[in-house]
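A.B. asks: Quick one: this structure, given as structure tokens, is what I'll be asking you about.
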């Protein structure tokens, strides 16, 4: 089995340093493609498909996951030709948690070598970016409103020091700002909210179960819409998550479908896998592709 590992050689932190040391132990079992600039993981993944690698590994966080998935999809029949695997090195690692992947390198590598795979749905998004319509695949989640504004406000130097806590700080800043209304529809029902979260899998922000009905193989997208974005709404949401009553006590509205449209009269960023990629209006839909992913 030919394996290609895509990773950021300049990533900082103890986890990244330990990973580089561990790579030396498996050097004879794979090929490495170090990234060289933002967005390069996508091009390297496409290159790996062209070179015939059977398994392409994203060693990083959810942003790296998104880039590599899109790189595989950029090549004709890329999703059919190559399998996808993850060595979680990021701050949150939502997709890895969704798949119950081990955080230990040795266990993760053995899992990749074992090669057990699962075919999962591949959603896509069409959105506005730099004055034109762009499209992009994603694996786990998308969102707009309060969370995409928080991503804009993240202090990246603080993130390097305190990890996920930097998102909490940014979220509190965002809550103090007025949030535009976002109209969300699946073509049959329409809701308006300040925060819209769309899931392919169950988890968001770690192991927060925002999409309890989600299934990576059912061909449907799950949507949680929050009409308000203030401290009281946040508290109710937290209690709703803890008590499995997000759409009752938490106040979230719920949609599902194969295609979801988002619009706003004001500029609102859209994120995929926790990284802003463009702005509304956006169409989130289930593509006809399947991702072959390595699982426990």
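In my numbering, the protein residues as written are 414 to 709.
Note that beta-carbon positions come from the ideal geometry of N, C-alpha and C, so glycine has one too.
(1) State the DSSP-derived secondary structure class of residue 477, mapped to helix, strand or coil.
(2) Starting from residue 620, trace the beta strand (DSSP E) both ways and give me its first and last residue.
(3) By Cβ distance, which residues of its chain are closer than 6 Å to residue 418, with the 5 residues on each side in sequence left out?
(4) Which of helix, strand or coil does DSSP assign to residue 643?
(5) Could you give the DSSP three-state label for residue 452: helix, strand or coil?
(6) DSSP three-state call for residue 628: helix, strand or coil?
(7) Going by DSSP in three states, residue 529 sits in which element: helix, strand or coil?
(8) Consult DSSP for residue 446 and reduce its assignment to one of helix, strand or coil.
(9) Mind the definition here: the segment 605 to 615 touches the segment 635 to 642 only if three or more C-beta pairs lie below 8 Å; say whether that holds.
(10) Whole angstroms are fine: how far does the CA of residue 592 sit from the CA of residue 487?
(11) Using DSSP with H/G/I as helix, E/B as strand and the rest coil, what is residue 463?
(12) For a test of your reading of the model: does the CB of residue 564 fall under 7 Å from any non-hydrogen atom of the ligand MG? Yes or no.
(13) Can you tell me whether residue 554 is helix, strand or coil according to DSSP?
(14) Short of 7 Å in beta carbon distance, which residues of its chain neighbour residue 522, apart from the five on each side in sequence? Order them along the chain.
(15) Given a threshold of 16 other Cβ atoms within 10 Å of its Cβ, counted over all protein chains shown, does residue 493 qualify as buried or as exposed?
C.D. replies: A quick look at the data gives this:
(1) If you number the chain shown from 1, residue 477 lands on position 64. Collapsing the DSSP output to three states places residue 477 in a helix.
(2) Start at 1 with the first residue of the chain shown, and residue 620 comes out as number 207. That residue, residue 620, is in no beta strand (DSSP E); it is neither H nor E in DSSP.
(3) For the purposes of this step, residue 418 is identified with residue 5 of the chain shown, where counting begins at 1. Within the same chain, residue 418 has close Cβ partners 443, 445, 470, 472.
(4) By 1-based counting over the chain shown, the position of residue 643 is 230. In the structure shown, the three-state DSSP call for residue 643 is coil.
(5) Stepping through the chain shown from its first residue, residue 452 is reached at position 39. In the structure shown, residue 452 falls within a coil segment according to DSSP collapsed to helix, strand and coil.
(6) On the chain shown, position 215 is the one that residue 628 refers to. In this structure, residue 628 counts as coil in the three-state DSSP scheme.
(7) Residue mapping note: residue 529 aligns to position 116 of the chain shown, counting from 1. The answer is coil: DSSP assigns residue 529 none of H, G, I, E or B.
(8) By 1-based counting over the chain shown, the position of residue 446 is 33. If DSSP states are grouped into helix, strand and coil, residue 446 belongs with the strands.
(9) Yes, since at least three Cβ pairs between the segment 605 to 615 and the segment 635 to 642 fall closer than 8 Å, the two stretches touch.
(10) Translated into positions along the chain shown, residue 487 becomes position 74. Translated into positions along the chain shown, residue 592 becomes position 179. Those two C-alpha atoms are separated by around 35 Å.
(11) Looking up residue 463 in the chain shown gives position 50. It is helical.
(12) Summarising the ligand content, the structure contains no ligands, and the ligand MG is consequently not present.
(13) Here residue 554 corresponds to residue number 141 of the chain shown, with the count starting at 1. It is a strand residue.
(14) One-based indexing of the chain shown puts residue 522 at position 109. Leaving aside the five residues that flank residue 522 on each side, the residues in its chain whose CB is nearer than 7 Å to its CB run, in chain order, 439.
(15) Walking along the chain shown from the start, residue 493 turns up at place 80. That one is exposed.
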